[in-house]
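**Q** Under my numbering, the letters of the sequence shown match residues 17 to 218, in that order. Please read through the structure below; I'll follow up with questions.
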Amino acid sequence: MNGTTTRRLRSRTVQATLMGISAFALAACDEPVDLSFFQDIEQCQTEAASSAEFDAGDCDAAFAMAMKEHAVLAPRYDELALCEEQHGEGACGTPDEAGGVADPVHAGGPSFMPFFMGYMIGNAFRGAQPGVAGRPLYADARGGLFSTTGQKMGFAGPGSVVRTSPAALRAPAAATVAAPMTRSVVSSRGGFGGARSASFGG
């Protein structure tokens with residue numbers, strides 16, 4: 017066997033190995049994951065002490081991710097009454113009160129957003145690497161829990177676990193605050209959670 021043949025065989029072996037790794041990563045990305053719901057970091061860390069899924073450091077990292085998403089992508093409304101109709105009485109405030117970033121683009125009008133009700137944490141593949149992720153959760157007026165995109169999550173209460181697609185852990189790519197929703201926009205989308213789409217707050 018000459019040197020050229022040896023190099024070709026090695027190249028084919030490497031290609032086959034990479035294809036196998038890629039297939040494994042894609043399969044792992046599609047596998048259901050367990051997501052846990054916590055109201056705060058302390059509750060998560062208490063659970064982490066006896067969990068094989070995540071540790072106290074993961075609780076901190078997931079919380080930071082959730083708060084970053086909340087500050088920019090939490091649903092916003094142009095009326096306090098409209099926000100409370102969707103999320104419950106006393107569940108909304110101004111961005112300053114609710115931990116949201118200021119929005120200079122739409123600063124000329126009022127803006128209200130729901131308070132952060134807790135976060136979900138889970139392990140999912142990001143690219144080809146597994147890692148912890150966290151996203152914020154909001155209550156609707158009926159007590160259900162939803163993500164920023166209006167996806168309903170079936171958590172029974174703090175500390176509960178749901179098994180679902182890893183897509184639930186993927187935050188929207190939008191990096192800017194959407195214009196506050198009007199009553200007509202909310203109505204056309206069936207209310208918060210009615211659209212079940214990443215464009216709900218857009």
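Quick reminder that beta carbons are idealized off the backbone N, C-alpha and C, glycines included.
1) I need the straight-line Cα distance from L96 to T198, nearest angstrom please.
2) Are the beta-carbon atoms belonging to L89 and P182 less than 8 Å from one another?
3) Along the alpha helix (DSSP H) that carries L98, what are the first and last residues, could you check?
4) Distance check for E113 and A72, CA to CA, integer angstroms please.
5) Go ahead and pull the three-state DSSP assignment for V79.
6) Does any heavy atom of the ligand GDP sit closer than 7 Å to the C-beta of Y154?
7) Between which two residues does the alpha helix (DSSP H) harbouring R199 extend?
8) Applying the 10 Å Cβ sphere with the 16-neighbour rule, what's the burial state of G125?
9) Distance check for G159 and S52, CA to CA, integer angstroms please.
**A** So, from the listed chains and residues:
1) Numbered from 1 along the sequence shown, position 80 holds the residue referred to as residue 96. Numbered from 1 along the sequence shown, position 182 holds the residue referred to as residue 198. Taking the straight line joining both Cα atoms gives about 11 Å.
2) By one-based count along the sequence shown, residue 89 stands at place 73. By one-based count along the sequence shown, residue 182 stands at place 166. It is not a contact, given that the beta carbons lie outside the stated cut-off.
3) Within the sequence shown, residue 98 is the residue found at index 82, counting from 1. L98 -> alpha helix (DSSP H) spans L96 to H103.
4) Numbered from its first residue, the sequence shown carries residue 72 at position 56. Numbered from its first residue, the sequence shown carries residue 113 at position 97. Each residue's Cα considered, the two are about 28 Å apart.
5) For the purposes of this step, residue 79 is identified with residue 63 of the sequence shown, where counting begins at 1. Note that residue 79 corresponds to Phe in the displayed sequence, not to Val. Here F79 sits in helix by DSSP.
6) This structure lacks the ligand GDP; in fact it carries no ligand of any kind.
7) Counted from its first residue, the sequence shown places residue 199 at position 183. Its alpha helix (DSSP H) spans residues R199 to S204.
8) If you number the sequence shown from 1, residue 125 lands on position 109. Exposed, by the Cβ-count rule.
9) Within the sequence shown, numbered from 1, the residue matching residue 52 stands at position 36. Within the sequence shown, numbered from 1, the residue matching residue 159 stands at position 143. Roughly 17 Å between the two C-alpha positions.
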